[in-house]
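Numbering (full-length UniProt numbering), first residue to last: 1 to 722.
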């Protein structure tokens with residue numbers, strides 16, 4: 001088998017390199033699976049190529065895209081038995097059964113307990129936990145345990161620790177203490193994954209693999225010398241030196257490179273860093289972390305080809321450091337962690353947006369909420385407990401919007417450690433509590449929803465979401481540094497939510513022909529090809545709403561000349577000569593009675609009609625919202641940051657123009673359709689509400705004929721009559 005120093009140099013090197021760590025790990029663990037003939041294949045490359053093709057073809061043919069043998073909806077939590085005496089484990093399983101738990105995530109932070117020193121693995125305790133869970137009828141999403149390297153590893157290899165932009169090397173004592181480019185970390189992580197897969201591949205409780213945990217949650221970017229070398233390789237595979245200097249506009253501030261060896265990560269500098277440099281480093285870092293995930297995944301795939309593999313995304317208001325459109329292609333099923341902003345009155349709307357975005361990442365297929373909180377978290381400024389019924393409503397919101405399961409962090413609230421005040425399914429106070437009673441209530445209700453499993457959500461309106469434009473816009477040296485991409489998108493999502501319109505999310509470059517209306521918020525760093533997709537959609541009869549800061553720059557953040565909004569000037573029929581950001585707390589009035597803050601711009605119409613103008617401020621009489629007929633379609637442009645009334649009015653006008661019915665309701669209504677239709681009605685208000693509907697309330701068993709009353713704070717799931 002291969003040694004750790006094995007290297008390749010042949011025409012197949014580029015194809016094989018991404019798989020090398022995985023095959024080394026398997027070769028060490030299973031030398032019989034890697035029978036290299038040293039006479040005919042002295043470097044093992046032919047064997048490696050055969051294995052590569054086998055895994056690729058095998059994965060392409062795989063049909064397991066959901067946790068195996070999971071009965072009903074997923075319902076459970078991260079389970080961390082290593083935090084508790086063994087006698088508690090039996091009680092845990094009994095309480096899980098009482099709560100209707102069907103699956104748990106196990107072993108996420110167990111590396112130090114499993115591999116107590118280099119190459120010394122102890123599975124006896126985990127075997128007993130797996131056996132207990134299986135006996136209790138609970139499926140296991142088993143982690144590779146690589147999310148937090150143990151102190152023995154980082155002490156022996158301190159060079160694997162991550163480095164900040166200011167040169168400070170971080171220490172162990174927390175979690176995620178590794179550089180994603182570190183070959184040492186990758187080697188030990190894939191070795192552990194191979195041991196886990198070998199040991200548990202035939203265990204009857206194993207339902208899925210959980211690789212790592214919340215990648216880039218804490219170490220979003222590393223700036224060490226290892227990353228610098230990897231970054232240079234990444235760049236040289238994409239650019240010549242001339243192309244790099246052009247893409248990065250290095251003529252500015254004398255930054256021209258004459259050798260790739262001169263390129264560093266965007267470390268701390270005397271003043272503003274080169275924006276194109278920073279954006280490419282974001283892309284490199286995303287790729288590096290994804291390759292780290294894939295290295296473990298490929299080990300698991302070789303040893304347990306029939307077990308689905310996932311890792312938990314973080315699609316929420318706090319995080320945007322990975323391009324999940326790319327990541328979603330590399331998992332067997334999409335899973336997500338979502339935590340609400342406790343002090344936000346719109347937290348249920350942000351939750352709905354996150355769920356719809358995750359459904360988009362999943363390509364419309366069922367997905368899993370891997371983590372949420374039963375009540376308070378531990379990391380916000382004020383960690384406010386959820387109100388009675390709020391956890392239940394949040395759980396059903398996710399199911400309504402395409403999830404086939406919801407899990408929490410964690411099962412039993414910790415006594416110690418940094419997250420000891422993070423809520424759990426079993427709180428510090430035990431089972432005679434609001435939280436555990438509500439957990440049992442929802443678990444019982446989930447047991448009545450078997451028919452919902454596998455059904456889908458339909459939408460005629462889409463929002464284009466671009467993680468990379470978000471990266472570009474969070475940099476400094478913009479006309480305003482108070483712009484928040486996610487919250488900007490949320491504003492338009494909220495207007496659609498209030499109109500009763502279900503929304504899909506789509507990636508740049510997606511075929512948009514299935515949608516009547518597409519909202520394009522702050523699509524800032526756009527390529528010519530992606531801009532053409534939108535123009536072709538409108539020319540073919542589609543309707544779009546494009547917002548300010550769209551089309552301004554190309555994919556290298558170079559400003560498009562000739563006036564803003566650059567790439568979309570023709571389709572929108574406008575051009576802008578200058579941005580006019582507003583002062584803090586300044587607002588301007590518009591001719592429809594609404595107001596704008598944060599952003600305005602000096603817009604000129606060419607073929608577009610002015611819908612709303614500024615009534616005062618620095619640009620009185622100048623167009624603020626426009627509508628343009630382009631080909632067979634219509635393109636709206638919103639050149640300012642509208643208040644809520646203005647946003648709702650603009651969105652409703654665009655919906656009407658596109659022929660999309662507006663059906664505002666005092667409660668949240670979403671349909672999932674399979675063989676039958678299920679109407680989810682979630683009342684987030686403190687007053688009862690009535691809607692027109694007929695069918696059977698799946699949760700209560702009651703027949704509903706014509707009029708459905710949804711009590712304040714309640715949830716109804718209606719099996720609709722056709």
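Where is the CB? At the ideal position from N, CA and C, for every residue including glycine.
Owing to the predicted nature of the structure, the values given are computational and were not obtained by experimental measurement.
Item	Value
Residue from 75, 406, 305 and 664 whose Cα sits closest to the Cα of residue 64	305
First and last residue of the uninterrupted beta strand (DSSP E) at residue 633	633-638
Boundaries of the alpha helix (DSSP H) in which residue 650 is found, first to last residue	644-658
Separation of residue 292 from residue 259, as counted between CA atoms	28 Å
Residue(s) in a DSSP beta bridge with residue 464	506
Completely contained beta strand (DSSP E) runs for the stretch 123-164, where each covers 3 or more residues	139-143
Residue environment, residue 438, which counts as buried when at least 16 other CB atoms sit within 10 Å	buried
When 589, 575, 239 and 629 are compared against residue 657, the one with the closest alpha-carbon	629
DSSP bridge partner residues for residue 394 (one or two, in chain order)	Bridge partners of residue 394: none, in fact.
Simplified DSSP assignment, three categories, for residue 691	strand
Status (buried if at least 16 other CB within 10 Å, exposed otherwise) for residue 462	buried
Three-state class that DSSP yields for residue 188 in the structure shown	helix
Alpha carbon of residue 84 to alpha carbon of residue 435, nearest angstrom	20 Å
When 653, 400 and 691 are compared against residue 452, the one with the closest alpha-carbon	400
Nearest candidate by alpha-carbon position, reference residue 712, set 682, 706 and 720	682
Residue 469, DSSP secondary structure in three states	helix
Validate contact between the stretch 257-273 and the stretch 572-583 using beta carbons, cut 8 Å, 3 pairs	no
Three-state secondary structure (DSSP) of residue 707	strand
Inter-residue Cα distance where the pair is residue 48 and residue 303	Low confidence applies to residue 48: its pLDDT is 49, below 50, so where it sits in the model is not reliable, and the reading given next is rough at best. Going by the C-alpha atoms only, they are around 15 Å apart.
Alpha carbon of residue 409 to alpha carbon of residue 243, nearest angstrom	46 Å
C-beta contact flag for residue 637 and residue 572 at 8 Å	yes
Short Cβ contact (8 Å threshold) for residue 362 with residue 334	yes
Whole-angstrom distance between residue 669 and residue 704, CA atom to CA atom	16 Å
Reference residue 625; option with closest CA among 633, 660, 589 and 632	589
CA-to-CA distance, residue 105 to residue 137, given in whole angstroms	14 Å
Cβ pair residue 623, residue 639 closer than 8 Å	yes
4-residue-minimum alpha helix (DSSP H) runs that sit fully inside the stretch 501-584, ordered along the chain	528-539 and 569-572
Stretch-stretch touch, CB-based, cutoff 8 Å, three pairs: the stretch 142-158 with the stretch 106-117	yes
beta-carbon residue 525 near the ligand MN non-hydrogen atom, thresh 7 Å	With respect to the ligand MN, the structure shown offers nothing to examine, as it has no ligands at all.
Presumed contact (8 Å Cβ cut-off) between residue 394 and residue 340, rounded CB distance	7 Å
Pair within 8 Å by beta-carbon distance, residue 594 and residue 645	yes
Distance CB(residue 701)-CB(residue 455) smaller than 8 Å	no
Own chain residues within Cβ distance below 6 Å of residue 548, not counting five before or after	599 and 639
Inter-residue spacing [alpha-carbon to alpha-carbon] between residue 89 and residue 707	47 Å
Rounded straight-line distance, which links the Cα of residue 398 to that of residue 542	29 Å
is_contact[residue 88, chain B] using C-beta, thresh 8 Å	Absent here is chain B; the protein component of the structure consists of one chain.
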